[in-house]
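Heads up: the structure comes next, in structure tokens.
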Ligand code: PMP
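Residue numbers (the UniProt record's numbering): 6 to 371.
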């Protein structure tokens, strides 16, 4: 029978898939608006789709993928200006969180992360029999001083997220460097930059330069968000020390599939697409935040592609009413924020549809 620490794990709650809501409500999938999982409203770039079309031959798909993701790793390494040996590719970046825990944790060992965290950090820690330590945030911000103080000798991993999910707040370069200076080299600091490409330049951490300086820093990024490849599952991590090699020992041999590798390699340098995504997202953020202001709703000003907004005691009811209209957002009770919802930034039309429904439902619910 399974160990009790496995039975204690709450499964990850993903945003409801469009197909599921369509079935439940008898709606057409194309009429459903999903702003729940911070996906890319522009879809995948043509550069990725072209690469998938080329890779999707009968012969190629019948073969196992390149288990070492040679082309993709080299493309990423070239873009970042680091050796390919520093890169590890995962089935989404969340796989790399799990493999990092597997490589570093054991019963009695701990991981540390902030309140308002991506739930995978906790699940992956518990799955290894490790002990998760959740450090209270300062308001909505990650309290780096408190996290540094929580790093006791049992701690092997610290998870930090910038911009953070679900708050959209960033960690500054100066604060992060000061933090790294306080952490013993035996502790791996995972800097989860899943939403990096949405962050204005001046608020980004120069994380690859820091990887070169701090052997215990592991930076993770993904093709799921700005690159629009969430359905293909590709992410990667960068570390200058032994973590890629350790993770390589324990990862499933063909963890990143052929089409995912081709798509990611096809679009990794598609800066024109990333620029379009960035611009559209920033104007969508403004549209949503202006909409919330005009409805007198409190929100956390975001640097990412989602906004955390305060609804009040009727947040769960509002969520149900939105679902009835075919709109999926992320209720935040599981983040410990039952009065808040998180809304992904969509296209201008999608944001407008959401804001109109919100306005009407708030008037009805009050
Ligand atoms: N980190 C954070 C903070 C996220 O929100 C997500 C996705 N929701 C991920 C990592 C994982 O993304 P993926 O596995 O698709 O790369």
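Cβ coordinates follow ideal geometry from the N, Cα and C atoms, glycine included.
Using a cutoff of 6 Å, the CB of residue 278 does not count as near the ligand PMP, since none of the ligand's heavy atoms is closer than that. Residue 284 has its alpha-carbon roughly 25 Å from the corresponding atom of residue 97. Contact residues of the ligand PMP (beta-carbon closer than 5 Å to any heavy atom; chain order) are 97, 98, 99, 123, 166, 170, 197, 199, 227, 229 and 240. For the 7 Å CB-CB criterion, residue 345 and residue 302 do not form a contact.
The DSSP-derived three-state label of residue 57 is helix. Note that the C-beta distance between residue 142 and residue 121 is below 7 Å.
Under the three-state reduction of DSSP output, residue 162 falls in the strand class. Distance from the CA of residue 137 to the CA of residue 79, rounded to the nearest whole angstrom, comes to 34 Å.
By the C-beta criterion, the region 338-357 is judged to be in contact with the region 38-45, since at least 3 inter-stretch pairs fall below 8 Å.
In this structure the region 108-119 does not lie against the region 88-95, because fewer than three pairs of beta carbons, one per stretch, are closer than 8 Å. Leaving aside the five residues that flank residue 309 on each side, the residues in its chain whose CB is nearer than 6 Å to its CB run, in chain order, 168, 173, 200 and 203. In the three-state scheme derived from DSSP, where H, G and I count as helix and E and B as strand, residue 146 is classed as strand.
Taking a contact as a CB-CB distance under 8 Å, the pair residue 273 and residue 58 does not count as one, their CB atoms being some 17 Å apart.
For residue 269 and residue 77, the gap between their C-alpha atoms comes out near 7 Å. Assignment of alpha helix (DSSP H) within the region 338-371, counting only whole runs of 4 or more residues, yields 353-370 in chain order.
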